[in-house]
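Here is the structure we will look at, set down as structure tokens.
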Amino acid sequence: MQWLPDQRQSRVNYRGFAADRAELKKVLDSWSAVPSTIFNSWSREVQMAFLINAYNGFTIELILTKYPNLKSIKDLGSLLQSAWKKKFFTLLGEQHHLDWIEHEQLRPRYADPRVHSAMVCASIGCPALRPEAYIAARLEAQLEDGMARFMADRTRNRYADGQLQVSAIFKWFREDFEKPGSDGRGFKQVEDVFAKYADLLADATADREKIRTKHVAVTHLDYDWSLNDLAR
């Protein structure tokens, strides 16, 4: 993985992963060997870090099954089954697909909308893939840093032409950003997210104030499903 000059986007060195695929397989196999009894004994932070790493790691492995002969992760799906519904890995003792990690584990069980800045679907439109694994001791800082970089990335989220132009992630998963919890990680409405990160979304003081007071129209940008490949 390599940061782009703005330090808000990254690209993945799939050629490098392909060359070291045996090493990647060792890591993935070690994750697959973790039994559910052990996972259930872990803290919330350890579980979340494990699942985020698994999602990103197995996504890379999925890409490598056809790399370099694909332009998008969507090329790995079909009319009957999306790439995210393919059961191609073992986790916690059972065969699973990527959607299981995201929609059946991370989103409902942990209710922290910042995971959307951490799970990377191998596409340009995704938030940046970090050059490090997620770990429990730094999970809070890593999630907040990832969310801040995502919100500051003007190719994905920005104030322009008198309106907020934001990632489609905020349309697809709006409900995740509108679940305030006792830990304070959630928001009452998705506009609260933009208000929190107003200084990253706009440069002018007046524009930032409009975002903070939620007096601004919101539109969603087209999502770029092109492969986030360093070599392209």
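Position 178, counted from 1, in the sequence shown is what numbering that gives the first Met the number 0 calls 177; the numbers after and before it change by one each time, with no gaps.
Every residue, glycine too, gets a C-beta built ideally from N, C-alpha and C.
Residue i, buried or exposed, once every other Cβ within 10 Å from all chains shown has been counted against 16
i	result
GLN104	buried
ASN227	buried
LYS209	buried
GLU190	buried
ASN55	buried
GLY92	exposed
ARG43	exposed
TRP171	exposed
PRO4	exposed
THR58	buried
ALA216	exposed
SER29	exposed
ILE37	exposed
PRO34	exposed
SER166	buried
HIS102	exposed
ALA197	buried
Three-state secondary structure assigned by DSSP to residue i
i	result
TYR196	coil
TYR66	coil
PHE38	helix
HIS219	strand
SER181	Note on SER181: pLDDT 46, under 50, position unreliable in the model; the coordinate value appears next. Note: SER181 maps to coil in three-state DSSP.
LEU229	coil
LYS24	helix
TRP30	helix
ARG57	This sequence places Phe at residue 57; Arg is not what is there. Helix.
HIS214	coil
PHE186	coil
ASP202	coil
ASP191	helix
ALA48	helix
TRP224	coil
ALA110	coil
ALA17	helix
Cβ distance (whole Å) where residue i is taken to contact residue j below 8 Å
i	j	result
GLN188	GLU177	5 Å
GLN1	LEU229	6 Å
ASP175	ARG108	Actually they are not in contact, since the Cβ atoms of ASP175 and ARG108 sit about 12 Å apart, beyond 8 Å.
GLN141	ARG129	7 Å
LEU97	TRP83	5 Å
MET269	LEU220	Any question about residue 269 goes unanswered here, given that the chain covers just 0 to 231.
ALA117	VAL45	Not a contact, Cβ separation roughly 15 Å.
LEU63	ALA17	6 Å
Counterpart residues of residue i in DSSP-defined beta bridges
i	result
TRP2	SER9
### Task
Please specify which runs of the beta strand (DSSP E), each continuous and at least 3 residues long, are wholly inside the segment 69 to 98, giving them in chain order.
88 to 90 and 93 to 95
#### Entry: Complete beta strand (DSSP E) runs within the segment 119 to 175 (minimum length 3 residues, chain order)
157 to 159 and 162 to 165
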